[in-house]
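This report refers to the structure that appears directly beneath it.
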Amino acid sequence: TMIGTLIQSQFGKANDWPFGAALSVCVMLVILCVVLVARGADRRFGSRT
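So the sequence shown is numbered by my numbering: it starts at 145 and just counts up by one.
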């Protein structure tokens, strides 16, 4: 199952808004961590022009 489908079903069919919101925040935090790691790696190993 895709995470987006799971979040959508929590808001829609399951009518479980708190769990859907918690899943959404968790996904946003994971994306933030990936972006910060990629940014740090780019600064450390990226091109120096």
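Note that beta-carbon positions come from the ideal geometry of N, C-alpha and C, so glycine has one too.
Could you check what DSSP says for residue i in three-state terms: helix, strand or coil?
i	result
M146	coil
A182	helix
A165	helix
Report the CB separation of residue i from residue j in whole angstroms; it is logged as a contact under 8 Å.
i	j	result
L150	L167	7 Å
V178	I147	Not really, about 14 Å apart at Cβ, beyond 8 Å.
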